[in-house]
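There are 2 protein chains.
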Amino acid sequence: MSEQKNTYRSIFLWGDKKIRPLEEGVRKLVKNKFGLTDTDLDQSHLFADDEVRLGTSPALSEKQIKELQNICGTENVKTDDYSRARNAHGYFFGELLKLRMETIDSPPDVVVYPKSEQEVAQLLAFAEKENIAVTPVGGRSSVTRGVETPQGGISLDLSGKLNRILEVNETNHTVTVETGVMGPQLEAHLNKLGYTCGHFPQSFEYSSVGGWVAARGAGQASTGYGKIEDLVLAMHVVTPVGIIQTKDYPATAEAWDLNKTFIGSEGCLGIITRVTMKIRSYRPKNTAYASFIFKDFETATSMMRKAMQSEIGVPHLFRISDPVETETAFSINGFENSVSDRFLKAMGYKTGSRCLMFVSVEGDKGYTHLVKKKTKQLAKKHHGFYIGGSPTKKWLKQRYESAYLRDPLMDAGIMTDTVETAVPWDKLISLWKAVRTYLEHREKSHVMVHISHVYENGANLYFTFLSPMKKGHELEDYKAYHKGLIDAIHQNGGSLSHHHGIGRALAPWMEEEIGSTAIGLMQAVKDHLDPKGILNPGNTLGLRAEA
Amino acid sequence: MSEQKNTYRSIFLWGDKKIRPLEEGVRKLVKNKFGLTDTDLDQSHLFADDEVRLGTSPALSEKQIKELQNICGTENVKTDDYSRARNAHGYFFGELLKLRMETIDSPPDVVVYPKSEQEVAQLLAFAEKENIAVTPVGGRSSVTRGVETPQGGISLDLSGKLNRILEVNETNHTVTVETGVMGPQLEAHLNKLGYTCGHFPQSFEYSSVGGWVAARGAGQASTGYGKIEDLVLAMHVVTPVGIIQTKDYPATAEAWDLNKTFIGSEGCLGIITRVTMKIRSYRPKNTAYASFIFKDFETATSMMRKAMQSEIGVPHLFRISDPVETETAFSINGFENSVSDRFLKAMGYKTGSRCLMFVSVEGDKGYTHLVKKKTKQLAKKHHGFYIGGSPTKKWLKQRYESAYLRDPLMDAGIMTDTVETAVPWDKLISLWKAVRTYLEHREKSHVMVHISHVYENGANLYFTFLSPMKKGHELEDYKAYHKGLIDAIHQNGGSLSHHHGIGRALAPWMEEEIGSTAIGLMQAVKDHLDPKGILNPGNTLGLRAEA
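Protein chains in written order, with our numbering: chain A, 42 to 588; chain B, 42 to 588.
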């Protein structure tokens with residue numbers, strides 16, 4: 042019987058696998074915007090509730106499987122269809138579509154769950170000898186085709202057993218973990234001791250420290266705490282040519298920084314098994330919150346730039362929604378046409394140009410108060426209207442919920458995806474306009490943009506788009522739209538990614554983006570550490586497909 | 042006639058080449074401490090005022106020199122003895138000793154001053170073809186044997202002509218420069234526009250941006266502004282296999298960060314010709330100053346740690362002198378036995394354990410006031426006695442003068458050198474004690490220590506030592522003492538350097554420090570970018586001497 046368990050659907054559904062029905066506000070928006078009916082929305086498009094059946098056996102020999110069992114223990118080596126299917130993909134929209142079509146092109150032959158660095162080293166040595174591809178995964182929340190296994194082989198899953206918290210060093214303000222540890226496990230442990238990891242990506246609940254580091258992620262409070270590359274002090278990396286262990290110096294001038302060769306290496310250079318990262322004091326009662334409405338996006342971004350360049354201290358969460366995203370939030374939350382809304386409009390904060398900003402500041406009470414005060418002053422100077430702390434608090438409370446919107450939207454036949462970039466301030470507005478124009482050239486589309494990671498020298502732009510799928514051509518349609526989107530970002534001076542990473546999805550742009558000499562250098566690093574090309578093969582990062 | 046010009050002495054004297062006679066306080070200290078007389082001090086030891094004569098011609102052929110002239114212009118290619126001698130060394134103590142002995146082992150064959158990135162590329166292509174060593178230099182203030190030319194060849198001097206400020210981007214808060222630009226030139230240009238580079242190494246007046254980046258330096262305000270690796274956004278690097286140009290994104294997730302492969306590469310991987318770095322608003326009138334006396338070093342470092350871990354904002358200058366350095370300053374400045382001194386002693390701030398702390402905070406006025414206030418509160422909690430802003434201001438005013446102490450001390454036959462390390466908080470005190478003990482095992486020595494770069498997770502320790510030279514065995518004596526010093530740092534958990542870099546001086550420790558797999562990776566990067574091993578050859582960073 043094809044029950045709920047072991048279905049394709051049970052694989053691709055996000056997080057806790059429970060479908061949240063579309064809120065009335067979202068339904069209304071989608072219906073109005075795309076001219077859809079309730080019947081259109083309730084169609085269970087590409088529902089994929091069949092039991093997973095791969096129809097192929099693992100390509101590894103019994104002897105090879107046996108050896109893997111010897112290394113990791115029989116119970117930590119999985120060759121069943123469901124385990125292999127589950128680890129064949131991340132959460133890239135194209136991958137979700139394919140899973141919904143019940144298609145799995147090239148699953149790993151085996152999923153292994155090593156329990157120690159030593160086992161990882163043994164696994165790599167064996168794979169190297171036998172020329173078996175090895176693709177490390179943690180939470181598998183990659184949205185860049187970073188954990189696919191086009192050459193099959195071993196999916197080396199760190200989230201199962203290599204997930205101990207090894208040491209919290211309260212003198213140094215550091216924590217040392219095995220990289221399979223998941224966000225909530227780490228944060229709960231730290232909170233109990235009065236600390237926080239300060240790193241809260243959208244995928245926080247279902248992503249691992251190793252994934253954060255390997256894909257060079259950022260958390261929602263990164264404006265204050267920094268991206269993952271700013272948080273990692275030391276690491277262990279197991280490579281086919283040996284283990285590299287860096288030390289937890291607060292800073293050094295010992296030649297160049299090898300940590301920075303592995304942060305963002307996306308499993309192509311080695312398996313990051315251990316990380317020492319900064320921790321901060323956990324004092325939520327000190328946190329200051331502020332929310333503002335600005336008259337337009339240009340003024341709001343100007344204010345953000347000034348805030349980051351004025352050395353008034355920095356907010357931790359610093360976020361602005363562009364006019365469409367702002368109006369979408371207002372409409373879904375029932376704010377539209379409320380008394381407050383009418384008041385705002387009367388004050389000149391007009392629908393279609395106004396923008397919603399969220400700010401939170403963590404740390405010492407005096408510091409959080411000062412940064413909030415200074416932010417309010419700057420906002421006022423830019424005609425930002427202060428609307429209290431509650432909207433920011435409310436947003437923070439439900440921040441992980443938005444990831445659950447995708448599944449019911451896809452069930453309703455709506456394409457929905459997010460793409461992000463980083464850009465210097467002087468190109469931000471032109472990029473925002475150009476990419477928005479590109480996304481909106483598609484007949485039925487709803488495009489929301491925000492800035493959520495802010496720096497002295499620029500910011501990110503985060504694009505969310507919804508559009509009805511072209512039934513029967515969902516994948517080709519999406520691929521073409523996505524390609525044009527990345528082209529538009531690239532041509533307008535944005536980076537290929539600010540925090541999602543590159544994977545295989547953005548690999549085709551890498552050489553043009555960074556130049557052939559730079560790609561050549563990356564390939565040389567790869568070829569040295571992974572001479573047979575067994576690590577996450579298949580063009581990840583734009584590196585040669587096979588050694 | 043051997044005049045003042047063209048002497049060995051004119052090469053090794055620091056900065057403006059004017060000797061400052063030893064202040065009375067320093068003379069007294071040295072006399073008392075080492076049992077020396079005025080006659081001992083006035084001996085002009087290893088005075089080296091002979092005219093430089095190398096006695097060897099450049100090993101390059103006339104045709105090769107001609108080709109270099111074709112590339113850079115005849116006036117930018119120097120083969121005279123003085124130019125070659127001048128570019129044969131940096132300011133490592135052992136190098137200064139050798140120059141004082143009028144010994145120059147292996148000068149470059151030629152010094153060239155390229156005017157453009159294109160000329161650098163042509164030079165490298167030619168050198169690659171002809172297998173000629175190329176050693177890039179800027180201000181030559183290296184204290185790690187980083188710019189020596191053991192294989193002769195080309196000293197590629199960027200400070201002469203490749204020193205234009207290309208763009209100040211006031212929107213992005215960045216400046217783009219050619220890397221030969223010197224500190225004061227850059228800072229003056231920025232100050233005029235209302236900005237500062239925020240990077241003030243001890244060598245500021247005589248060091249170049251390229252040197253800062255290549256040797257991974259830090260400025261005295263780095264606690265607030267960051268080390269050079271935190272300031273650089275983009276760069277151009279000319280390598281024998283092509284040019285790498287990174288972009289000025291505020292942050293990215295485009296695989297790993299290639300900037301970080303070149304920051305700290307010390308001329309071994311390519312010639313950094315252009316850098317885009319952060320700038321900050323220049324508002325000296327906002328700067329807040331504070332100075333404190335603590336009862337002992339342990340309490341003072343505890344307070345620093347708390348300040349950095351409490352998220353109260355951070356000071357820019359944050360500095361503590363250990364008891365000997367504190368007492369030395371008091372004695373030289375005539376503070377000893379003053380009314381204030383007697384008052385402090387009565388309050389329990391005793392000679393031999395008390396420590397002097399300097400703090401300055403830059404930025405917005407509200408911010409500087411807050412951080413100063415919070416720092417004062419924390420200091421008070423740690424029994425730190427506030428002594429106003431003036432001592433810090435006074436120190437800042439004369440901060441570049443201390444570099445001029447070395448020449449008259451060496452003239453007086455006193456060995457004096459500085460070595461530094463970075464260390465996590467939990468090893469700081471034990472390292473301080475152990476290394477101090479090592480340095481003091483030498484019969485006549487005066488050892489001063491400070492912390493000058495502070496982080497959430499640790500700090501640097503900066504050791505200054507004075508000791509009479511062993512006449513006739515100056516170099517061997519120094520080398521043995523220096524070797525034991527680095528061993529002591531290494532064995533006690535300190536990094537080989539926090540901001541001086543590695544060069545050839547610390548290269549012998551690199552493999553043990555970072556491990557053979559890590560050195561192998563570095564060598565692979567080197568071998569790919571510089572296949573013939575022409576770039577800064579001779580074991581720099583612990584890389585293979587020759588390709």
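C-beta atoms are modelled at their ideal positions from N, C-alpha and C, and glycine is treated no differently.
Handout entry: Chain-ordered residues of the stretch 532 to 549 of chain B with a beta carbon less than 7 Å from chain A
Key = Those would be Ser-536, Leu-537, Ser-538, His-539, His-540, His-541, Gly-542 and Ile-543, in chain order.
Exercise for the section: Check whether the Cβ atoms of Ser-249/B and Gly-179/B sit closer than 7 Å, and answer yes or no. Expected result: Yes, the Cβ-Cβ distance between Ser-249/B and Gly-179/B is below 7 Å.
Exercise for the section: Check whether the stretch 436 to 454 of chain B touches the stretch 406 to 415 of chain B, counting contact only when three or more Cβ pairs, one atom from each stretch, lie closer than 8 Å. Expected result: Flag = no, the stretch 436 to 454 of chain B and the stretch 406 to 415 of chain B do not touch.
Handout entry: Three CB pairs or more closer than 8 Å across the stretch 212 to 221 of chain B and the stretch 495 to 514 of chain A
Key = Touching, yes, given that three or more Cβ pairs across the two stretches are closer than 8 Å.
Handout entry: Given Gly-265/B as reference, the closest of Leu-199/B, Ser-196/B, Gly-224/B and Ala-348/B once Cα atoms are compared
Key = Among Leu-199/B, Ser-196/B, Gly-224/B and Ala-348/B, the Cα nearest to that of Gly-265/B belongs to Ala-348/B.
Handout entry: Option in Phe-399/B, Ala-420/B and Phe-371/B with minimal Cα separation from Gly-430/B
Key = It is Phe-399/B.
Handout entry: Under 7 Å from the C-beta of Thr-215/B: neighbouring residues of chain A
Key = Counting only Cβ-Cβ distances below 7 Å, Thr-215/B has contacts in chain A at Asn-498, in chain order.
Problem - Contacts that Asp-57/A makes with chain B (C-beta to C-beta distance below 9 Å) - result: Against chain B, the beta carbon of Asp-57/A has no neighbour under 9 Å; the closest one sits roughly 27 Å away.
Handout entry: Between the CA atoms of Lys-422/B and Ser-538/B - distance to the nearest angstrom
Key = Distance between the alpha carbons of Ser-538/B and Lys-422/B is about 32 Å.
Problem - Residue environment, Ile-304/A, which counts as buried when at least 16 other CB atoms sit within 10 Å - result: Answer is buried; the Cβ neighbour count reaches 16.
Practice task
Select from the stretch 222 to 246 of chain B all residues with a C-beta closer than 7 Å to any C-beta belonging to chain A, and list them in chain order.
Solution key: Within the stretch 222 to 246 of chain B, no residue has a Cβ that lies closer than 7 Å to any Cβ of chain A.
Practice task
Please report how far the alpha carbon of Thr-293/A lies from the alpha carbon of Met-318/B, in whole angstroms.
Solution key: About 19 Å.
Exercise for the section: With a threshold of 6 Å, establish whether the CB of Tyr-323/A neighbours any heavy atom of the ligand MG. Expected result: Ligands in the displayed structure: none, and consequently the ligand MG is not present.
Problem - Where Asn-210/B meets chain A, residues with beta-carbon distance less than 9 Å - result: Those are Pro-465, Trp-466, Asp-467 and Asn-498, listed as they occur along chain A.
Handout entry: Neighbourhood of Gly-224/A by C-beta distance below 7 Å, restricted to the same chain and skipping five residues each side
Key = Apart from the 5 residues on each side of it in sequence, Gly-224/A sits with its Cβ closer than 7 Å to the Cβ of Phe-245, Glu-246 and Ser-248 in its chain, given in chain order.
Handout entry: Residues from the stretch 439 to 467 of chain B in contact with chain A, defined by Cβ distance under 8 Å
Key = Against chain A - using a Cβ distance shorter than 8 Å - the residues of the stretch 439 to 467 of chain B are Ala-463, Val-464, Pro-465, Trp-466 and Asp-467.
Practice task
In angstroms with no decimal places, state the Cα-to-Cα distance between Pro-509/A and Ser-486/A.
Solution key: Going by the C-alpha atoms only, they are around 8 Å apart.
Handout entry: Cutoff 8 Å; reference Asn-172/A; Cβ partners in own chain excluding five residues on either side
Key = Result list for Asn-172/A: Lys-573 and Ile-575, in chain order.
Exercise for the section: Enumerate in chain order the residues of its own chain whose CB-to-CB distance from Lys-434/A is below 6 Å, with the five nearest sequence positions on each side excluded. Expected result: Cβ neighbours of Lys-434/A beyond the five flanking positions: Tyr-330.
Problem - Expected contact under 8 Å - CB spacing of Ile-285/A and Leu-299/A to nearest Å - result: With a Cβ gap of about 7 Å, Ile-285/A and Leu-299/A count as contacting.
Problem - Expected contact under 8 Å - CB spacing of Leu-70/B and Ser-362/B to nearest Å - result: Not really, about 15 Å apart at Cβ, beyond 8 Å.
Problem - Under 7 Å between C-beta atoms of Ile-492/A and Phe-426/A - result: It is not a contact, given that the beta carbons lie outside the stated cut-off.
Practice task
Name, please, each residue of chain A whose Cβ falls closer than 9 Å to the Cβ of Met-563/B.
Solution key: Residues of chain A passing the Cβ test: Ala-296, Trp-297 and Leu-299.
Practice task
Find the nearest neighbour of Val-365/B within the set Leu-164/B, Lys-72/B and Lys-474/B, judged by alpha-carbon distance.
Solution key: The shortest C-alpha to C-alpha distance from Val-365/B to any of Leu-164/B, Lys-72/B and Lys-474/B is the one to Lys-474/B.
Practice task
In the DSSP assignment, find the beta strand (DSSP E) that holds His-491/A and state where it starts and stops.
Solution key: Looking at the DSSP string, the run of the beta strand (DSSP E) that includes His-491/A is 487 to 492.
Practice task
Give a yes or no on contact between the stretch 107 to 115 of chain B and the stretch 148 to 162 of chain B, applying the rule of three or more CB pairs nearer than 8 Å.
Solution key: The stretch 107 to 115 of chain B makes contact with the stretch 148 to 162 of chain B: 3 or more CB pairs, one atom from each, lie closer than 8 Å.
Exercise for the section: Identify which residue in Ser-102/A, Ala-256/A, Ala-262/A and Leu-507/A has its Cα closest to the Cα of Ile-455/A. Expected result: Ile-455/A has its Cα closest to that of Leu-507/A, out of Ser-102/A, Ala-256/A, Ala-262/A and Leu-507/A.
Exercise for the section: Using a cut-off of 8 Å between C-beta atoms, extract the partners of Glu-307/A located in chain B. Expected result: Result: Ala-296.
Exercise for the section: Please list, in chain order, all residues of the same chain as Thr-369/A whose beta carbon is under 7 Å from its beta carbon, the five residues on each side excluded. Expected result: Excluding positions up to five away in sequence, the list reads Leu-70 and Met-489.
Problem - Where the alpha helix (DSSP H) containing Val-282/B begins and where it ends - result: First-last for Val-282/B: undefined, no H or E at that position.
Problem - Length of the line joining the Cα atoms of Ser-102/A and Thr-280/B - result: Between the alpha carbons of Ser-102/A and Thr-280/B lies a gap of roughly 46 Å.
Practice task
Below 8 Å CB to CB, which residues in the same chain sit around Lys-139/B once its five sequence neighbours on both sides are set aside?
Solution key: The residues are His-130, Ile-145, Asp-146 and Leu-516.
Problem - Rounded distance between the beta-carbons of Ser-196/B and Pro-242/B, thought under 8 Å - result: The pair is not a contact, with the Cβ atoms about 22 Å apart (cut-off 8 Å).
Practice task
Establish whether the CB of Leu-411/B and some CB of chain A are separated by less than 7 Å.
Solution key: Answer yes: the Cβ-Cβ gap between Leu-411/B and chain A drops below 7 Å somewhere.
Handout entry: Span separating the alpha-carbon of Ala-162/A from that of Leu-310/A
Key = Their Cα atoms are separated by approximately 13 Å.
Handout entry: Segments assigned beta strand (DSSP E), at least 3 residues, entirely inside the stretch 199 to 253 of chain B
Key = With a minimum length of 3 residues, the unbroken runs of beta strand (DSSP E) contained wholly in the stretch 199 to 253 of chain B fall at 206 to 210 and 215 to 219.
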